[in-house]
Amino acid sequence: MAFDATIRTQYNNNGTREGWSWLDPFAAIGRMVIGWVNNLGAAAIFLALALWQAFRRKQFSKIIQQIYFIGARSLTIIMLVSLFTGMVLGLQAHHALRQFGAEGAVGSLVALSLIMELGPVLTAIMITARAGSAIAAEIGIQRISEQIDALQTMHINPLRYIVSPKIIAAIISFPLLTAVADLVGIFGGYLSAVMLLGLNAGVYWHSTQVYVVLADVTNGFVKSIVFAVLVATVCCYQGYFAHMRRDSHGAQAVGLATTSAVVISCVLILVSDYVVTSLLI
Amino acid sequence: MDAPLIEFQNVTKRFGDKTVLDRVNLQIYEGQVTTIIGLSGAGKSVILKHIIGLIQPDEGVILFRGQPISGTKKSVLDASLARISYMFQQNALFDSLTVYDNIALPLRETTNLKKTEIHRRVMARVKQTELTEAVGKYPSELSGGMQKRAALARALITDPQIVLFDEPTTGQDPVRKNAILSMIAQYQRKFNFTAILVSHEIPDVYFISNRILALYNRQIVFQGTPEELESFDHPFMDEVIGSLEALQKELTGLYSRRQFKILNHVQMKRRSQKDPYCLVVFGLQELHAIMSRVGYDTAQEVLSTMGLYIDKHFSAIGGFSTRRSTNEIITMVPYSSLAETEGIVNDFVRDFNAYMVPRIGETACRSASGASVDLVILAGIAEGQAQGDIDSVILLARSQQKEIGRLSCAAGE
Chain E
104 MAFDATIRTQ YNNNGTREGW SWLDPFAAIG RMVIGWVNNL GAAAIFLALA
154 LWQAFRRKQF SKIIQQIYFI GARSLTIIML VSLFTGMVLG LQAHHALRQF
204 GAEGAVGSLV ALSLIMELGP VLTAIMITAR AGSAIAAEIG IQRISEQIDA
254 LQTMHINPLR YIVSPKIIAA IISFPLLTAV ADLVGIFGGY LSAVMLLGLN
304 AGVYWHSTQV YVVLADVTNG FVKSIVFAVL VATVCCYQGY FAHMRRDSHG
354 AQAVGLATTS AVVISCVLIL VSDYVVTSLL I
Chain D
157 MDAPLIEFQN VTKRFGDKTV LDRVNLQIYE GQVTTIIGLS GAGKSVILKH
207 IIGLIQPDEG VILFRGQPIS GTKKSVLDAS LARISYMFQQ NALFDSLTVY
257 DNIALPLRET TNLKKTEIHR RVMARVKQTE LTEAVGKYPS ELSGGMQKRA
307 ALARALITDP QIVLFDEPTT GQDPVRKNAI LSMIAQYQRK FNFTAILVSH
357 EIPDVYFISN RILALYNRQI VFQGTPEELE SFDHPFMDEV IGSLEALQKE
407 LTGLYSRRQF KILNHVQMKR RSQKDPYCLV VFGLQELHAI MSRVGYDTAQ
457 EVLSTMGLYI DKHFSAIGGF STRRSTNEII TMVPYSSLAE TEGIVNDFVR
507 DFNAYMVPRI GETACRSASG ASVDLVILAG IAEGQAQGDI DSVILLARSQ
557 QKEIGRLSCA AGE
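Heads up: the sequence lines are chains E and D, in that order.
Whatever position you read off the first sequence (first residue = 1), add 103 for this note's numbering.
Whatever position you read off the second sequence (first residue = 1), add 156 for this note's numbering.
If you want it as structure tokens, here you go:
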């Protein structure tokens, strides 16, 4: 009885613990943190093995297929979202800067906001919603219907066949879609500030050209690559290990894996955005 | 007997607190069909997954050609595993790929064969497994039986030396079950691979198996031939075999060999030593040739119809029947002399030709493709004495078999 915590913790005849201890919340937090660290390590190894498999033969056509699915088929939604984001930025910037007589800076504000922050972040979130969820669900179903086990019995590495092309395709697609989102967003700002609110077109483009430097564009692409690795890894990992979830089984596990994939990806996009920005500034 | 190809030595496997396999010892020999039987959830599939390397044992050793798998170099182990194919209980076909792509997948991903060669091999398997019309379809567009055949074609595409079948007949009707088992047996003879099956289909699975392994209470309690299993005295026989055989009787109307033996023993015990009985051996000539022409399903349907009709006809006079092999049905007529039995069989032949042959013909001729097919039904009668050896009577009846019915399907009919 050296420690008060042991006094109120008893065991019944079945060996099940009864009562509670003031240490229980800390134990729960500890278990959760250990779980996170374990998952983090497993995901890192998962990513490393998948990247290694990317350099094996017969991967090219699979990567092209995935670029089509993750990249080309996300183009419309990315363009639509970035167009309205640029338009609302142009509108807000014009409204705010007019009060200081600085309407001339609308172009640079819209362009820098998009290139440095909103372009990569919104693109990553939209791809997560469209392609990331589909990837997690597809792999999850392949897992619970034993298709992944079947690959192993056919001596086909599932990481090579299923996961690796998706991660490589994401790394290629994210920066390209980000570039499209930046351009369409800047054009959206032009539509609202110049076409609707009457700002001089020359002032808009001059301000954009003067204040945006190559480093801003590069930093935006660096972020998009980081987001690509995170989103693709999380979505593939959640689907791949859907059968090991403790909270559910079968189809329900696939559903929850898909939800987790989207939520974790979105949180990681925002957290890593801050970390990468602080490193790049 | 030769050295075993695969051997389990005291293999134990636990999932959490649950012990699924407890010090399991078994041997599997090359070129044979070995069937693992046991109740659902007994751990039969777990044994297969140990063999293919999807699961590792917690304790014990698995030997492959006498060498422990755990200590084998990865390259050697990979080479050994590359010769094993696995057919999953739920088929595990890729639902986003067509049947053709599913079958071609192992060749495309693991070999450097040219497209034309892959196409040739895939189409050969497609033809052998009667999937020509389904080749461009997705698995969800196929019937259960066709999905099984597609899974079988994929398992055989790499010409494996060992094929593991995890409950290949699950979810199939009795005719299809026998059709799939016949297909496995025929391919095993044709390609000479070692087949390891997990199945509940008793006694049908006995006809194609060289060896039976019985899993009961987490351990292998029996290893031997199907004939040896019939005389195995163990609670397994009552709890597992008894319940499975009762189900089979309901489905086909025919007794298992074991039930037939017991029933015969009880009947003969009541008779005096010299009392005669008669035995009729029915057969379908050249079953394998018929299967290749009318298909496995149709051939099994013919046999099943024949079995049901024999049971219906002879049970009215106290007779009982069993399926002795894939194409042979034996009927015991315990209370009739040879002359009486000949009369009963003549009645049977007349009714059979009048009512059943046209019905069988309708099914069989519709399925016959290409060349003409002759379905020849044989029957032989022999008389025995109550306390005599039944096997010699069966042999005698078999030797006296003659044609009782013939059905010809002309080419293109």
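Glycine is no exception: its CB is placed at the ideal position from the N, C-alpha and C atoms.
L320 (chain D) carries a strand assignment under DSSP once its states are collapsed to helix, strand and coil.
Closer than 8 Å to the CB of M257 (chain E) there is at least one CB belonging to chain D. Remark: C-beta atoms of G193 (chain E) and V365 (chain E) do not approach each other more closely than 8 Å. Going by C-alpha positions, N348 (chain D) is about 56 Å away from T226 (chain E). Chain-order list of chain D residues neighbouring Y264 (chain E): E265, by C-beta distance under 8 Å.
Rounded to the nearest whole angstrom, the C-alpha separation of T191 (chain D) and S327 (chain E) is 55 Å. G210 (chain E): member of the alpha helix (DSSP H) spanning 209 to 215, first to last residue. The closest CA to that of T231 (chain E), considering only E:Q312, E:A131, E:L317, E:G174, is found on E:G174.
T350 (chain D) is positioned such that its CB atom lies closer than 8 Å to that of Q317 (chain D). S248 (chain E) reaches chain D at Q246, A248, D251, counting residues in chain order whose Cβ is nearer than 8 Å. In the structure shown, the three-state DSSP call for M257 (chain E) is coil. Boundaries of the beta strand (DSSP E) harbouring A535 (chain D): 529 to 541, taken from the DSSP string. Across the segment 178 to 194 of chain D, no CB contact with chain E closer than 9 Å is found for any residue.
Beta-bridge partners assigned by DSSP to R170 (chain D): D:T175. Residue-level contact by beta carbon fails for D350 (chain E) and chain D, as no gap is shorter than 8 Å. For chain E, none of the residues of the segment 362 to 395 of chain D brings a beta carbon within less than 9 Å of one of its beta carbons.
Taking the Cα of Y343 (chain E) as reference, the smallest distance to any Cα among E:H198, E:G358, E:V329 is reached at E:G358. Judged by beta-carbon spacing, V319 (chain D) lies beyond the 8 Å limit of L287 (chain D), meaning their Cβ atoms are not closer than that value. For L210 (chain D), the nearest CB of chain E lies under 8 Å from its own CB, placing it at the interface with that chain. Under the Cβ distance rule, D252 (chain E) counts among the residues neighbouring chain D, one pair being separated by less than 8 Å. Within the model, the alpha-carbon separation for G243 (chain E) versus D252 (chain E) is close to 12 Å. Counting only runs of 4+ residues, the alpha helix (DSSP H) found wholly inside the segment 330 to 397 of chain D occupies 330 to 347, 360 to 364, 382 to 386, in chain order. Looking at the DSSP output, M488 (chain D) sits in a beta bridge with D:L435, D:F476.
Legend: CB atoms of the segment 211 to 240 of chain D lying less than 8 Å from CB atoms of chain E belong to residues D234, L237, A238, I240. Approximately 11 Å separates the beta-carbon atoms of V374 (chain E) and V329 (chain E); this is outside 8 Å, ruling out the contact.
With respect to E163 (chain D), Q183 (chain D) sits close: the two C-beta atoms are nearer than 8 Å. A distance below 8 Å between beta-carbons, with the five flanking residues on each side excluded, links P128 (chain E) to no residue of its chain. At least 8 Å separates the CB of K165 (chain E) from every CB of chain D. A Cβ of chain E is located within less than 8 Å of the beta carbon of L261 (chain D). For K269 (chain E), no Cβ of chain D is located within less than 8 Å of the residue's own Cβ.
Going by C-alpha positions, E539 (chain D) is about 24 Å away from E383 (chain D). Below 8 Å, too few C-beta pairs join the segment 293 to 311 of chain E and the segment 274 to 286 of chain D to call them touching: fewer than three. In this structure M512 (chain D) is buried. Its beta-carbon is surrounded by 16 or more other beta-carbon atoms within 10 angstroms. Taking 8 Å as the CB threshold, Y343 (chain D) stays off the interface with chain E. Each of E:A157, E:N303, E:D350, E:G323 was checked against the Cα of A205 (chain E), and the nearest Cα belongs to E:N303. Taking a Cβ-Cβ cut-off of 7 Å, the neighbours of Y242 (chain D) in chain E comprise T256, given in sequence order.
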